[in-house]
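See below for the structure under consideration.
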Amino acid sequence: ALAIIHRKITQILGPMTRFVFRDVLHSALDFTENIRHIYIDRVFSAFDKKNVLQIYDFMHTNKLKKEQIFPTMRGCLIKLQTDEDPDEAVKDLVDLLLKKLDVDRDGVISEEEFSRSVKERNLLLLECMGPVFPSRVARQTFLTTFTDRLGRF
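full-length UniProt numbering applies: residue 1 is where the sequence shown begins, and numbers increase by one.
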């Protein structure tokens with residue numbers, strides 16, 4: 001379905017720009033939450049499960065440090081109890097994430113560690129630092145526009 005949309009857009013407008021890509025993600029795939037807007041440009045460059053780490057890797061080092069993870073996790077907590085410091089809760093989440101993903105315990109998550117953790121432990125770790133892919137409802141709505149065979153995608 002994405003290939004069909006890409007072909008139709010490029011036939012009419014020429015090569016797909018970031019702005020057109022943003023419009024497609026916003027209107028067709030329900031990327032309307034604030035946290036998702038942060039990642040749209042990064043998703044444009046890596047719209048592939050193989051390259052999800054690149055979306056989180058703002059320093060382009062193919063590794064994630066604790067300091068890089070913290071800002072991406074800030075918007076992930078919905079509501080805290082009033083007596084808790086939001087930054088402290090995010091730090092706890094980042095520490096937990098490092099324990100899960102940093103296999104060699106060197107303080108950074110390499111591309112290999114991230115990939116291995118996702119494949120061997122849990123596919124949900126793909127979006128462990130914030131939403132990257134469209135929601136299930138948005139995917140189904142998007143796909144029903146083009147086909148009635150949802151189970152095959």
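Just so it is clear, CB atoms sit at the ideal spot from N, CA and C, and this is done for glycine as well.
- Going by beta carbons, R116 and V103 fall inside the 8 Å limit.
- A direct Cα-to-Cα measurement between E88 and P15 gives close to 44 Å.
- Going by C-alpha positions, V20 is about 10 Å away from H6.
- Across the set P71, K100 and R139, the C-alpha of P71 shows the shortest separation from the C-alpha of P86.
- Under the three-state reduction of DSSP, L64 is assigned to strand.
- Secondary structure in the UniProt domain "EF-hand" (89-124): the beta strand (DSSP E) runs of 3 residues or longer, each lying completely within the stretch, are 108-110 in chain order.
- In the three-state reduction of the DSSP assignment, S27 falls in the helix class, which pools H, G and I.
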